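Worksheet for the structure shown next.
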Amino acid sequence: MKAGVAGVVIAMMLGASAGLISSTARAADAPRGQRIANANACMGCHAVDRKLVGPSFQQIAARYKGDAQAPAKLTRKVKDGGSGVWGMIPMPAHQSMSDADIRTVVHWVLAGAPSK
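Below, the structure written as structure tokens:
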């Protein structure tokens with residue numbers, strides 16, 4: 000390999016490594032509720048700011064804003080699953096999530112799913 004080509008290859012590898020480290024650092028900087036949501040497949044159906052299969056976390060926060068019962072309602076919904084609130088597609092139960100993790104995710108969602 001010529002020196003110039005080798006330099007480009009090395010630069011590309013270093014750039015890719017820096018990107019991986021940067022994205023890992025960003026994930027570690029994410030709020031705990033977001034990290035738990037990522038680890039428990041919540042992001043497969045929900046996004047922070049747009050509807051996927053289910054409503055966005057920001058839509059959920061807006062719907063329940065000012066509802067003192069929202070934390071308890073949503074904690075139960077995450078644990079037991081359900082349907083009919085946002086349409087006919089059911090939300091599966093998350094029985095394996097700890098109650099503490101569910102409360103953390105619910106608190107983060109109700110805060111508007113902030114990125115910091």
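Going by numbering that gives the first Met the number 0, 28 is the number at position 29 of the sequence shown; the sequence numbering is gapless. C-beta: ideal position from N, C-alpha, C; glycine also. Nothing here was measured: the structure is a model prediction, and the numbers come from that model.
Checklist entry - How far does the alpha helix (DSSP H) with residue 40 in it reach, from first residue to last? => result If you number the sequence shown from 1, residue 40 lands on position 41. From DSSP, residue 40 is part of no alpha helix (DSSP H); its letter is neither H nor E.
Next on the checklist: Quick check: is any heavy atom of the ligand MN less than 6 Å from the C-beta of residue 63?
Outcome noted: Absence of the ligand MN is noted for the structure shown, with no ligands found whatsoever.
Next on the checklist: Here's the rule: buried if 16 or more other CB atoms are within 10 angstroms of the residue's CB, otherwise exposed. What is residue 99?
Outcome noted: The count along the sequence shown starts at 1 and reaches residue 99 at position 100. Burial call: exposed.
Item to check | Selection from 29, 106 and 115 that minimises the alpha carbon distance to residue 68 | outcome: Here residue 68 is taken as the residue at index 69 of the sequence shown, counted from 1. Here the closest residue by C-alpha is 106.
Next on the checklist: Please classify residue 104 as buried or exposed, where buried requires at least 16 neighbouring CB atoms within 10 angstroms.
Outcome noted: By one-based count along the sequence shown, residue 104 stands at place 105. It counts as buried.
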